[in-house]
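Colleague: Protein chains in written order, with this note's numbering: chain H, 209 to 322; chain X, 1309 to 1417. We treat Cβ as the ideally placed atom computed from N, Cα and C, and that holds for glycine.
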């Protein structure tokens, strides 16, 4: 079945550590996105990528980094520079960014900083 | 910059009642999408509206795109407990993409 796989589902991190969240899709979509969701709040865009080896900052990119070396993969690194990293992270993909059509979401990764 | 505002933020509904949630943008949208996120889950696509004044129905859900393409609404009739969750609108302002903050719906049996 086609879809988006995020791992890990739950992650605990000590302050000062970097952590990388995995996102893999087999939908053959060009566009991929990372969103952050805080309790009771909407989704805020961290980064998005329209094509391999290219990505753009979203509204809250500070303290995060991404790479897009393969079409299927768009990992997100939460760096120690991110001041409040505890959140629910959602990866999504769409066919393209412009007039994207439906966004397909992974099941999310819940990061807790201890 | 562009902002997509959703109201209300919370909606408590008695089972069987109707309710409406609204999405308003400060700029014209090329299209708007609606998503539903169940508690503990991830957002799932419901519908996309593209044309000015467009109305689409999915069983008890009616979606509308405003004539000026700056607002949209989702109306649910005869609410059921399965309607519990948060409903988000997602606006595309010609390449600038933004989710509304969502309407959290609680249904009382």
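Looking at the structure shown, is residue 1328/X part of a helix, part of a strand, or coil, going by DSSP?
Modeller: Three-state DSSP puts residue 1328/X in a strand.
Colleague: Under 8 Å, CB to CB, which of the residues in the segment 1346-1367 of chain X have a partner in chain H?
Modeller: Cβ contacts with chain H: 1349, 1350, 1351, 1352, 1353 and 1356.
Colleague: For residue 316/H, go through chain X and note every residue whose CB falls closer than 7 Å to its CB, in chain order.
Modeller: By Cβ distance, chain X contributes 1350.
Colleague: Considering only C-alpha positions, which residue in the set 1326/X, 1332/X and 1384/X is nearest to residue 1311/X?
Modeller: Here the closest residue by C-alpha is 1332/X.
Colleague: State yes or no: is the beta carbon of residue 250/H nearer than 7 Å to at least one beta carbon in chain C?
Modeller: No chain C is part of this structure, whose protein chains are labelled H and X.
Colleague: Which word fits residue 276/H, buried or exposed, when buried means at least 16 other C-beta atoms lie within 10 angstroms of its C-beta?
Modeller: Its Cβ being crowded by 16 or more others within 10 Å, residue 276/H is buried.
Colleague: Compute the Euclidean distance between the alpha carbons of residue 157/H and residue 288/H, then round it to the nearest angstrom.
Modeller: This structure cannot speak to residue 157/H, because chain H is shown only from 209 to 322.
Colleague: Could you tell me which of 298/H, 310/H, 302/H and 311/H sits nearest to residue 317/H, measuring between CA atoms?
Modeller: Among 298/H, 310/H, 302/H and 311/H, the Cα nearest to that of residue 317/H belongs to 298/H.
Colleague: May I ask you to report which of helix, strand or coil DSSP gives residue 246/H?
Modeller: Coil at residue 246/H, not helix or strand.
Colleague: Evaluate contact between the segment 227-243 of chain H and the segment 264-284 of chain H, counting only Cβ atoms and requiring at least three cross-stretch pairs below 8 Å.
Modeller: These segments touch.
Colleague: Could you tell me which residues DSSP puts in a beta bridge with residue 221/H?
Modeller: Residue 221/H pairs with 321/H.
Colleague: Residue range of the beta strand (DSSP E) that residue 1320/X falls in?
Modeller: Run containing residue 1320/X: 1318-1322, per the beta strand (DSSP E) assignment.
Colleague: Name the chain H residues that come within less than 9 Å of residue 1410/X, Cβ to Cβ?
Modeller: The contacting residues are 248, 249, 250 and 251.
Colleague: Provide the residue(s) that pair with residue 1383/X in DSSP beta bridges, ordered along the chain.
Modeller: In the DSSP output, where bridge partners are listed per residue, residue 1383/X has 1328/X and 1370/X.
Colleague: Is residue 269/H closer than 7 Å to residue 254/H when the C-beta atoms are compared?
Modeller: Yes, the pair counts as a contact, with Cβ atoms nearer than the cut-off.
Colleague: Less than 7 Å between CB atoms is the rule here; does residue 1407/X satisfy it with respect to chain H?
Modeller: True, the Cβ-Cβ gap to chain H drops below 7 Å.
Colleague: Using the beta-carbon of each residue, which ones in chain H are nearer than 8 Å to residue 1396/X?
Modeller: By Cβ distance, chain H contributes 250 and 251.
Colleague: For residue 310/H, go through chain X and note every residue whose CB falls closer than 8 Å to its CB, in chain order.
Modeller: In chain order: 1341, 1353 and 1356.
Colleague: Classify residue 1411/X as helix, strand or coil using the three-state DSSP reduction.
Modeller: Residue state, collapsed to three classes: strand.
Colleague: List, in order along the chain, the chain X residues whose C-beta lies closer than 7 Å to that of residue 313/H?
Modeller: The answer, in chain order, is 1350 and 1351.
Colleague: For residue 298/H, go through chain X and note every residue whose CB falls closer than 9 Å to its CB, in chain order.
Modeller: What residue 298/H touches in chain X: 1350 and 1351.
Colleague: Would you mind reading off the limits of the beta strand (DSSP E) that contains residue 262/H?
Modeller: Here the beta strand (DSSP E) through residue 262/H covers 262-265.
Colleague: Is the segment 1357-1368 of chain X touching the segment 1392-1403 of chain X, taking contact as three or more C-beta pairs under 8 Å?
Modeller: These segments do not touch.
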